[in-house]
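Undergrad: If you scroll down you'll find the structure; I have some questions about it.
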Amino acid sequence: MLRSLISLSCFALFLCASVSLAGEPAGTPTATIEVTARLQKIPGKFPADELYDYAYVMQYQVEGGTMDKQTILVAHYKPRRARNEIDDNMKKVVGGSLKRFDVGALHRLVLTAEMRKVWKGAVVDEFFDTDRKSKRYFCLKADPAGGK
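Residue numbers for the sequence shown, in the numbering used here: -10 to 137.
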């Protein structure tokens, strides 16, 4: 009985610690890349922002530069919000002038491949079941880059 209570207490402490980190930036990336890419796929519906803090993975195709024609997976923090309306602790990390995410739109992105250095919270990744090998980038800045 005592062992069960201790285990339950430890689990509750772990859960509370995990939740408290959810909206906090984890740190600063050491390397970034800038690409122009077309949003190809938003695989489902974004969760409600009120439920929890999360990053949502979307699929892009890079246009131009050294990564031209590559398909990349990019996690965006709370994509329901305009990038300049993020007003929580992630404001220090996420920026840009993009108002909304529409399939087919061209974006100018500043990314880091060190997602877990920036974000330790929940990641909604509907590509994970079919593609576990591709790198997931975290978007630090998103701006519109032109028409469809």
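Backbone N, C-alpha and C fix where the C-beta goes; we use that ideal spot for every residue, glycine too.
Cβ atoms of Val83 and Arg72: under 8 Å apart, would you say?
TA: Within the sequence shown, numbered from 1, the residue matching residue 72 stands at position 83. Within the sequence shown, numbered from 1, the residue matching residue 83 stands at position 94. Taking 8 Å as the Cβ cut-off, Arg72 and Val83 qualify as a contacting pair.
Undergrad: Let me check one thing: in DSSP terms, what residues is Phe127 bridge-paired to?
TA: Walking along the sequence shown from the start, residue 127 turns up at place 138. According to DSSP, Phe127 bridges with Ala64, Thr101.
Undergrad: What's the C-alpha gap between Pro32 and Phe116?
TA: The residue you call residue 32 lines up with position 43 of the sequence shown. The residue you call residue 116 lines up with position 127 of the sequence shown. Distance between the alpha carbons of Pro32 and Phe116 is about 8 Å.
Undergrad: What does the alpha-carbon distance come out to for the pair Arg121 and Gly135?
TA: If you number the sequence shown from 1, residue 121 lands on position 132. If you number the sequence shown from 1, residue 135 lands on position 146. In a straight line, the C-alpha of Arg121 is about 31 Å away from that of Gly135.
Undergrad: Taking the C-alpha atoms as reference points, what is the distance between Tyr126 and Tyr66?
TA: Here residue 126 refers to the residue found at position 137 when the sequence shown is read from its first residue. Here residue 66 refers to the residue found at position 77 when the sequence shown is read from its first residue. Distance between the alpha carbons of Tyr126 and Tyr66 is about 11 Å.
Undergrad: With a CB to CB cut of under 6 Å and the five nearest residues on each side skipped, what residues in its chain are close to Arg69?
TA: Numbered from 1 along the sequence shown, position 80 holds the residue referred to as residue 69. For Arg69, where only same-chain residues beyond five positions count, the Cβ hits under 6 Å are Phe35, Asp38.
Undergrad: Indicate whether Cys128 and Ala26 have their beta-carbon atoms separated by less than 8 Å.
TA: Position 139 of the sequence shown, counted from the first residue, corresponds to residue 128. Position 37 of the sequence shown, counted from the first residue, corresponds to residue 26. It is not a contact, given that the beta carbons lie outside the stated cut-off.
Undergrad: Please state whether the Cβ-Cβ distance between Met56 and Val24 is less than 8 Å.
TA: Here residue 56 refers to the residue found at position 67 when the sequence shown is read from its first residue. Here residue 24 refers to the residue found at position 35 when the sequence shown is read from its first residue. Yes, the pair counts as a contact, with Cβ atoms nearer than the cut-off.
Undergrad: Taking only three categories from DSSP, how would you classify Arg72?
TA: Sequence index remark: in the sequence shown, residue 72 carries index 83 (1-based). Arg72 falls in the helix class under three-state DSSP.
Undergrad: What's the call for Thr19, buried or exposed, on a 16-neighbour Cβ count within 10 Å?
TA: Residue 19 sits at position 30 when you count from the first residue of the sequence shown. The residue in question, Thr19, is exposed, as its Cβ has fewer than 16 Cβ neighbours within 10 Å.
Undergrad: Determine the closest residue to Tyr41 out of Ala131, Asp132, Gly110, with distance taken between C-alpha atoms.
TA: For this step, residue 41 is matched to residue 52 along the sequence shown. Closest option to Tyr41, Cα to Cα, is Gly110.
Undergrad: Whose C-beta lies closer than 6 Å to the C-beta of Lys130 among residues of the same chain, with five residues either side of it excluded?
TA: The count along the sequence shown starts at 1 and reaches residue 130 at position 141. Gly84, Gly85, Val99, listed in sequence order.
Undergrad: Could you name the residues of the same chain whose beta carbon sits closer than 8 Å to that of Gln59, not counting the 5 residues immediately before and after it, in chain order?
TA: Here residue 59 is taken as the residue at index 70 of the sequence shown, counted from 1. Gln50, Val51.
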